[in-house]
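In the UniProt record's numbering, the protein residues as written are 1 to 1147.
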């Protein structure tokens, strides 16, 4: 097999070079042909002149002929002598009355309803307000279009179009922006994108005023757009729709969510209901189970009518086929004396109520009866026309409220899919991989046979009753209810409901008796006794938009929405398998594995590049992406490899059966397509698909390890890359990667495939090979530079793109505390993602800082943005400190996960000659130098006071406290040039935090404004505001902080109890008297130095006397000032309880 594989690789490699040579030959031939063509152009130009002259004459004649023909058509239309064309509509168009009484009273408009076969089509013809006639024409037109937005754009589905003379450009109308957000497009724009037709002006040949906006459903049917000049001033826009093969839409109605707030859940769970499902057929069993689940709730609706669930909440697992949408046609015209409906854009419920009202008006025998209104009221049928008028008004108001509530619910449920995070242990074997989870109860099976597990002792367990165990036997743990509850409780709250109608809340609130039935059913599927029911064998394909700007299939990620029960089961089993995969996969395979992340990829890669640039070493690499990886993976090879590496059959067999029978329907605007099956690919939406992708990555890594030993492969899901020490070996790696993709029938994405090299000579060789060469790239969120130059444009653009976010933050009604807390979570996490390897100018960081304080409105005159964010209780609110903490945190995490990182860091420090580069180690030097820290010898660093500490072994809380103090000291140094802060030698962190305790938000905001240097008194304000004299209005002297606090008689009462401040005012630092900032104590570094010199006595034992049996030791400790870490001193001691002697003690 190895020799055959090498032969195939050589053929592919030779073919690649042969194709490269062919391309060069073709390029040379093209150059020769171009030269010949240019020589023959002179004769062609003379010939072209003659042809143009004849074409102009012909065009004039043709235009005159067409104009005469158009005039004849217009005359025929005006005289009603045009030829009759067959009616394409299955039913006559129904004219719709005005949507609201004032709509067409303001401007002309008409909406029509048609049925093309069974396909409903809604069109609206509208005329916007012209500008010269109405000064507020744009506002009036927007108000007019608002009705169309509510009734047609948002309130209807299907093929819809809004046509007419808008009298305004679409970009200036707010309502049209809402249409575009919901997928509506102008037909000329569609024609420009699809067929390259340039949009043509429609008003006097200069302006765009006449438009046809179509819904997404209509845009999909559009096959032609043309603009004709029929009338004098306005061109006619014609849009053609192809309705061949278009049928009535299918829907998949789902039951409403159960109103759990109105259910007595405790009483329902205590009743221990049973579903009564006893069918041997899986589909029937699930239907019976769902029916019993819903029926058991009927007696526990504490605030529902008759204590029963609404009918709309029933129907889980009852549907296996879609239903066709019902076309709501307008009712027949009202006769004289009957109520006339205000408009015909009705829902089915409103139409039925209106028809019932007219029946009551027509029937004289029903005069004495009463009709119940939807809101619970009633009217008498003996009422006269005058009595019915209030009902009509109330009825229309109720209909409007119903429509608005439906729209609000639609917005509330329009959310993106969330990631699932399920926790559980992997199935244990007789040779246990980890400690047993002995909580609750579990059922154990050995090769499918129930067994009892006794005497679990670390890594060995005993099977009872004793039996002979085959070498390849597997011990499996069934799904206990405790694990199942933990899985569904850790799932995301707003997981969407699947096609079977079960919601996550249903599983969370389900009583144990029903949960045990459901888990037993799943266990029977794993054991091969049952099969998957049809209700779970359907998935809705939802297109999740990618942020790549593509409009075709490449711009969407096809997420398959499956049943919530199957998703929980697959997530649980995938979690177990991925935990096993972590021990099988190499360290450079990162996708979906616990404890691995994208940072591992770009951080280590940039570290290697940085060292290669520093030492002048040659390093090359390539990166590629797989086109629709999950949908292209072959199933049979993946399953064979899964079985070979030890996937349990209790998971593999049900998984194969599920994918083999799974049907997928595209879900677009609540309508579903015909079912589709597939024999390849793994759906994105099934958690087990992540294990399939990991198997493909395992093949990639093992293949390159065997056939390219000097090549280092890297992978993260469908992102594959490798590095090599030379161009030749990189070309070999490219060939091997191509062979792996051929083996798995995968296709690389040419637009995302590139090569790179650190040294200039290697770049020239790669460029000569015709490969796409990159000097920098964004990979998995990291900004990479493949050379000495700094390439941080992508990071700078992310920082600049936060303007819209800051504007929204400024408009938000949230409190200042909430806004400050969201800065590191939303703003800095987005703008500074990957900052630990990428250099960024301090001016850019300060720009972010100023933008934040401006958006928060905390930048009064004299205030420093750096001080304002640095004195906040969470220093992550400052982007500079966020950068510092992120850089050190990533370094510590990488060193703890990868042993090679510390050696790379040491090599960089040894070879450092003062030149900073693009990379994590240069970034570390930069941020540490910013706070006055230095690197002694990795991992030892020296802080601003000359004290040495181990950057990797210091606890997180201690390191965070030290970094905060260093940041505050550096911030104080940067502001010492201010007159009132000339004696600010550091900022005491402990006093800063202590003085904030117990202050209400308003006082805390005022305190922090004073600390940031804001001007509070008139003496300071008068320097830039000439309308202020700067004098105290009562004393006639300068209104300074000292005068206001110590001498002004207006505040004599405020000084009561704090007279000592006035006495000590001359001796206090200026930064304290003017800004309440306490300088750092000069004695704290000396105390830390003495404590650091304290010997470690944990290995010194004062007594070694022992007694018989177990040695019982008593430990204790004490601490003074535990609430102030800077002053806390602790001691410890260990005493032998049997002998009463001290074993050891120390500070």
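C-beta atoms are modelled at their ideal positions from N, C-alpha and C, and glycine is treated no differently.
- Note on geometry: alpha-carbon atoms of residue 594 and residue 578 lie some 7 Å from one another.
- At the C-beta level, residue 867 and residue 1012 come within 8 Å of one another.
- In this structure, residue 780 places its C-beta atom within 8 Å of the C-beta atom of residue 598.
- Residue 250 carries a strand assignment under DSSP once its states are collapsed to helix, strand and coil.
- Nearest C-alpha to residue 1019 among 982, 989, 1074, 1063: 1074.
- Take residue 1113, set aside five residues on each side of it, and the residues of its chain with a beta-carbon closer than 8 Å to its own are 1134, 1135, 1136, 1137, 1143, in chain order.
- Contact check for residue 694 and residue 601: beta-carbon distance about 15 Å, past the 8 Å limit, so the pair fails to qualify.
- Under DSSP, residue 747 takes part in no beta bridge, so it has no partner.
- Distance from residue 235 to residue 223 at the Cβ level is roughly 20 Å; contact not present, criterion being Cβ atoms closer than 8 Å.
- DSSP places residue 238 in the strand class (E or B) of the three-state scheme.
- Counting only the Cα atoms, residue 360 lies some 10 Å from residue 338.
- Taken in chain order, the complete alpha helix (DSSP H) segments of 4 residues or longer contained in the region 706-783 are 727-743, 760-768.
- At the C-beta level, residue 152 and residue 124 come within 8 Å of one another.
- In the pairwise beta carbon analysis, the region 747-763 is classified as not touching the region 655-664: fewer than three pairs are separated by under 8 Å.
- In the DSSP assignment, residue 666 falls within the beta strand (DSSP E) that extends over 663-668.
- Taking one beta carbon from each stretch, the region 969-986 and the region 926-943 have 3 or more pairs nearer than 8 Å; the two touch.
- In this structure residue 883 is buried. Its beta-carbon is surrounded by 16 or more other beta-carbon atoms within 10 angstroms.
- Here residue 210 carries a strand assignment [DSSP, helix/strand/coil].
- Excluding five sequence positions before and after residue 689, the CB atoms of its chain that fall closer than 7 Å to its own CB belong to 630, 682, 683, given in chain order.
- The shortest C-alpha to C-alpha distance from residue 161 to any of 623, 120, 976, 197 is the one to 120.
- Exposure of residue 616 is indicated by the presence of fewer than 16 other C-beta atoms within 10 angstroms of its C-beta.
- Looking at 535, 1026, 266, the one whose alpha-carbon comes closest to that of residue 500 is 535.
- In the three-state reduction of the DSSP assignment, residue 224 falls in the strand class, which pools E and B.
- Note on residue 921: 16 or more other CB atoms within 10 angstroms of its CB, so buried under the neighbour-count rule.
- Counting along the chain, residue 568 sits inside the alpha helix (DSSP H) bounded by residues 564-584.
- DSSP, reduced to helix, strand and coil, places residue 876 within a helical segment of the structure shown.
- The residues 892, 895, 939, in chain order, have a CB closer than 7 Å to that of residue 952 in the same chain once the five nearest residues on each side in sequence are set aside.
- Around the beta carbon of residue 943, a 10 Å sphere encloses 16 or more other beta carbons of the protein chains shown; the residue is thus reported as buried.
- Using a Cβ distance threshold of 8 Å, residue 739 and residue 722 do not count as a contacting pair.
- Within the region 271-343, the runs of alpha helix (DSSP H) at least 4 residues long that lie entirely inside it are, in chain order, 282-295.
- Per DSSP, reduced to three states, the secondary structure at residue 786 is coil, with no helix or strand assignment.
- With contact defined as three or more Cβ pairs closer than 8 Å, the region 203-221 and the region 621-638 are not in contact.
- The Cβ-Cβ distance between residue 715 and residue 591 falls below 8 Å.
- Residue 996 sits in coil when the DSSP states are folded into three classes, being neither helix nor strand.
- Between residue 496 and the set 543, 564, 506, 507, the nearest pair of CA atoms involves 564.
- The C-beta of residue 172 has fewer than 16 other C-beta atoms within 10 Å across all chains shown, which makes the residue exposed.
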